[in-house]
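S.K.: Read in order, the letters of the sequence shown are residues 2 to 350 in the working numbering.
Beta carbons are placed, not taken as given, at the ideal position from N, Cα and C, and that holds for glycine.
Once you've had a glance at the structure underneath, I'll fire off some questions.
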Amino acid sequence: MLPRPGPSAQRCPAVGPSPGSEQEMKLSWVIAGGGTGGHVTPALALGEIIAERGEPVLFIGSEQGLEARLVPEAGFELLALPSQQVMGRRLIGRIKGLLGTLRQVGRARSALRAHRADIVISVGGFAAMPAALAALTTGCPLALVEPNAIPGRANRLTARFAGRIFVGFASTAKHLSARNAVSHFGIPLRAGLVRAFDQREPRKAPHSPLRLLIFGGSQGARQINEAMIELAPQFSGQPIEIFHQAGEADRARVQAAYTDARIEAQVVDFESAMPARYRWADLALCRAGALTVAELALAGLPALLVPYPFAADDHQAANADALSESGAAIRLNSRPLDAQALAAQLLAL
């Protein structure tokens with residue numbers, strides 16, 4: 002998955018080590034982007050592979066994204082830049098955003114030189130733009146990793162300048178104005194997660210009662226939570242057992258609804274041991290972020306997918322369609338989510 006620059010690729014302008022030295026034999030990597038888990042997790046997966054090869058890697062992201070916490074926790078160096086969004090603002094705001102982005106490009110250029118970067122990998126998100134533009138203006142090879150079925154703006158804007166592009170879904174290529182090859186490699190997942198799933202036993206017939214896993218990201222999914230609160234009375238007496246990661250704001254209300262309906266359910270704010278939950282479950286009800294879709298596929302867990310209706314370019318709907326077309330999931334309409342349609346699907350299963 003990790004490309005090495007070809008014979009014509011040049012190290013970013015800097016005073017390098019003497020030719021033939023041990024340091025010269027190793028590549029120096031920069032991984033840029035983040036914001037959400039769907040971008041940060043593939044970035045960390047790539048970083049782990051690079052670190053195993055004994056090669057240095059620098060992450061460049063935003064101060065506001067998940068990478069600000071997760072990258073240092075994983076033991077990697079992070080240059081966290083202020084987030085500057087240029088799209089969708091009034092003229093004065095767009096000008097300020099553009100000037101701010103240019104300042105961050107300057108900082109990223111300095112970081113690439115100081116890190117003696119050989120290649121920059123953009124995993125998408127607005128946090129990727131400064132480093133991607135810095136690569137283009139300093140001569141560093143640029144590669145893109147796009148985990149979503151519909152690429153985000155940062156990767157779309159830089160695709161024509163990238164030497165290599167790696168996509169999570171085969172259908173992604175048609176959305177990119179790429180001059181070079183687009184390779185379908187799937188979505189990078191962290192080694193620890195893959196090992197955890199490798200420990201699972203072959204999936205057997207569904208349990209009785211049916212085990213339903215419901216989750217919606219680190220903060221839960223309000224739309225799914227509200228639907229299950231409404232539907233709880235209909236599942237009273239049904240052979241179903243629920244584990245629901247609802248987020249802190251809705252946990253008490255969701256738990257009360259299940260308790261009132263006498264449904265066996267465990268409701269939590271957040272769940273860190275997701276591989277164990279995937280192994281426990283017979284069916285998932287969840288959003289359709291790139292990371293979630295990849296984990297469902299790895300776990301071999303069938304799912305009812307409710308795409309986040311306000312995702313940029315409606316990319317979660319495209320992610321859900323890709324899994325649905327493979328026969329591994331059913332996509333539900335989330336604009337709005339019809340609770341009774343959800344109930345019909347669950348009761349049919």
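#1: Could you spell out the range, first to last residue, of the beta strand (DSSP E) harbouring ARG332?
#2: Return the CA-CA distance between ILE331 and LEU28, expressed in angstroms with no decimal places.
#3: Give me, in chain order, the residues of the same chain whose beta-carbon lies closer than 6 Å to that of GLY39; leave out the 5 immediate sequence neighbours on both sides.
#4: Quick one: using the 10 Å Cβ neighbour count with 16 as the cut-off for buried, is THR138 buried or exposed?
#5: Using 10 angstroms around the beta-carbon of ILE93, count the other beta-carbons present and answer buried if the total reaches 16, otherwise exposed.
#6: Under the three-state reduction of DSSP, which class applies to SER184: helix, strand or coil?
#7: Quick one: any contact between the segment 305-315 and the segment 47-59, if contact means 3 or more CB pairs under 8 Å?
#8: Helix, strand or coil: how does DSSP classify VAL124 here?
#9: On the DSSP letters alone, give me the boundaries of the beta strand (DSSP E) that GLN353 sits inside.
#10: Excluding the five sequence neighbours on either side, which residues of its own chain have a C-beta within less than 7 Å of the C-beta of ALA81, listed in chain order?
#11: What separation, rounded to the nearest whole angstrom, lies between the Cα atoms of LEU333 and ASP322?
#12: Please work out which residues of its chain come closer than 7 Å, Cβ to Cβ, to PHE236, disregarding the five sequence neighbours upstream and downstream, and give them in chain order.
#13: Looking at the C-beta of THR293, does it have a partner C-beta in chain B at a distance below 8 Å?
#14: Does the distance from the C-beta atom of ARG110 to that of ALA144 stay below 8 Å?
#15: Which residues mark the beginning and the end of the alpha helix (DSSP H) in which HIS40 is found?
#16: Taking the alpha helix (DSSP H) that SER111 belongs to, which residues open and close that run?
#17: Between GLY153 and GLY125, how many whole angstroms is the CB-CB distance? I'm expecting something under 8 Å.
#18: With three or more beta-carbon pairs closer than 8 Å as the criterion, would you say the segment 243-258 touches the segment 176-194?
#19: Between ILE215 and GLY34, what straight-line distance do the alpha-carbon atoms span, to the nearest angstrom?
#20: Of the choices PHE170, ARG278 and ILE243, whose alpha-carbon is the least far from that of GLN267?
#21: Evaluate GLN229 with the Cβ neighbour count: other Cβ atoms within 10 Å of its Cβ, from every protein chain shown; 16 or more gives buried, anything less gives exposed.
#22: Do you know offhand how far LEU297's Cα is from SER327's?
#23: Considering only residues of the same chain and omitting the five flanking positions on each side of ARG254, which have a CB-CB separation below 7 Å?
#24: List the DSSP bridge partners of ARG165.
#25: When you compare the CB positions of LEU79 and GLY36, do they come within less than 8 Å of one another, or not?
#26: Which of the three DSSP states is assigned to ALA266 in this structure?
#27: Report yes if the C-beta distance between ALA44 and PHE60 is below 8 Å; otherwise report no.
#28: Between which residues of its own chain and ALA340 is the CB-CB distance below 6 Å, once the five residues before and five after are set aside?
#29: In this structure, how does DSSP classify PHE198 when only helix, strand and coil are distinguished?
#30: I need the DSSP call for VAL1, collapsed to helix, strand or coil.
#31: Is the beta carbon of ARG288 closer than 8 Å to that of ALA222?
#32: Could you name the residues of the same chain whose beta carbon sits closer than 7 Å to that of ALA174, not counting the 5 residues immediately before and after it, in chain order?
#33: Return the Cβ separation of LEU299 and LEU190 in integer angstroms, given the expectation that the two are a contact with Cβ distance under 8 Å.
M.R.: Taking the definition as stated:
#1: Stepping through the sequence shown from its first residue, residue 332 is reached at position 331. That run of the beta strand (DSSP E) goes 330-332.
#2: Against the sequence shown, residue 331 aligns to sequence position 330. Against the sequence shown, residue 28 aligns to sequence position 27. Roughly 43 Å separates the two Cα atoms.
#3: As a working note, residue 39 is residue 38 in the sequence shown. PRO148, GLY290, ALA291 and LEU292.
#4: Reading the sequence shown from its first residue, position 137 is the one you call residue 138. So THR138 ends up on the exposed side.
#5: On the sequence shown, position 92 is the one that residue 93 refers to. Classification for ILE93: exposed.
#6: Along the sequence shown, one-based indexing puts residue 184 at 183. DSSP places SER184 in strand when its eight states are reduced to three.
#7: no
#8: Looking up residue 124 in the sequence shown gives position 123. In the structure shown, VAL124 sits in coil (DSSP, three-state: anything other than H, G, I, E or B).
#9: What is shown of the chain runs 2 to 350, which leaves residue 353 out entirely.
#10: Along the sequence shown, one-based indexing puts residue 81 at 80. Around ALA81: GLY62, SER63, GLU64 and ALA69.
#11: The residue labelled residue 333 in the question sits at position 332 within the sequence shown. The residue labelled residue 322 in the question sits at position 321 within the sequence shown. Roughly 10 Å separates the two Cα atoms.
#12: Stepping through the sequence shown from its first residue, residue 236 is reached at position 235. Result list for PHE236: ALA262 and ILE264, in chain order.
#13: Reference to chain B is not applicable here, since this structure consists of a single protein chain.
#14: Position 109 of the sequence shown, counting from 1, holds the residue named residue 110. Position 143 of the sequence shown, counting from 1, holds the residue named residue 144. No, the Cβ-Cβ distance between ARG110 and ALA144 is not below 8 Å.
#15: Reading the sequence shown from its first residue, position 39 is the one you call residue 40. Taken as a continuous stretch (DSSP letters only), the alpha helix (DSSP H) holding HIS40 covers 38-53.
#16: As a working note, residue 111 is residue 110 in the sequence shown. Run containing SER111: 92-116, per the alpha helix (DSSP H) assignment.
#17: Residue mapping note: residue 153 aligns to position 152 of the sequence shown, counting from 1. Residue mapping note: residue 125 aligns to position 124 of the sequence shown, counting from 1. Confirmed, Cβ separation roughly 5 Å.
#18: no
#19: To locate residue 215, count along the sequence shown from 1; it is residue 214. To locate residue 34, count along the sequence shown from 1; it is residue 33. Each residue's alpha carbon lies about 28 Å from the other.
#20: Looking up residue 267 in the sequence shown gives position 266. Nearest option by C-alpha distance: ILE243.
#21: Against the sequence shown, residue 229 aligns to sequence position 228. According to the sequence provided, residue 229 is Met. The question's Gln does not apply to it. That one is buried.
#22: Position 296 of the sequence shown, counted from the first residue, corresponds to residue 297. Position 326 of the sequence shown, counted from the first residue, corresponds to residue 327. Their backbone Cα atoms lie some 12 Å apart in a straight line.
#23: Position 253 of the sequence shown, counting from 1, holds the residue named residue 254. Cβ within range, chain order: ILE230.
#24: The count along the sequence shown starts at 1 and reaches residue 165 at position 164. DSSP, once it has assigned bridges, lists ALA144 as partnering ARG165.
#25: Sequence index remark: in the sequence shown, residue 79 carries index 78 (1-based). Sequence index remark: in the sequence shown, residue 36 carries index 35 (1-based). Not in contact: LEU79 and GLY36 (Cβ atoms no closer than 8 Å).
#26: Indexing the sequence shown from 1 puts residue 266 at position 265. DSSP places ALA266 in strand when its eight states are reduced to three.
#27: Start at 1 with the first residue of the sequence shown, and residue 44 comes out as number 43. Start at 1 with the first residue of the sequence shown, and residue 60 comes out as number 59. Cβ atoms of ALA44 and PHE60: closer than 8 Å.
#28: Here the question's residue 340 lines up with position 339 in the sequence shown. Cβ within range, chain order: ALA228, GLU231 and LEU232.
#29: On the sequence shown, residue 198 is found 197 positions in, with the first residue counted as 1. Here PHE198 sits in helix by DSSP.
#30: Nothing about residue 1 can be read from this structure; the chain reaches only from 2 to 350.
#31: Numbered from 1 along the sequence shown, position 221 holds the residue referred to as residue 222. Numbered from 1 along the sequence shown, position 287 holds the residue referred to as residue 288. Yes, the pair counts as a contact, with Cβ atoms nearer than the cut-off.
#32: On the sequence shown, residue 174 is found 173 positions in, with the first residue counted as 1. So the list reads VAL168 and VAL183, once near-sequence residues are dropped.
#33: Counting from 1 along the sequence shown, the entry for residue 299 is found at position 298. Counting from 1 along the sequence shown, the entry for residue 190 is found at position 189. Contact flag correct, Cβ pair sits at about 7 Å.
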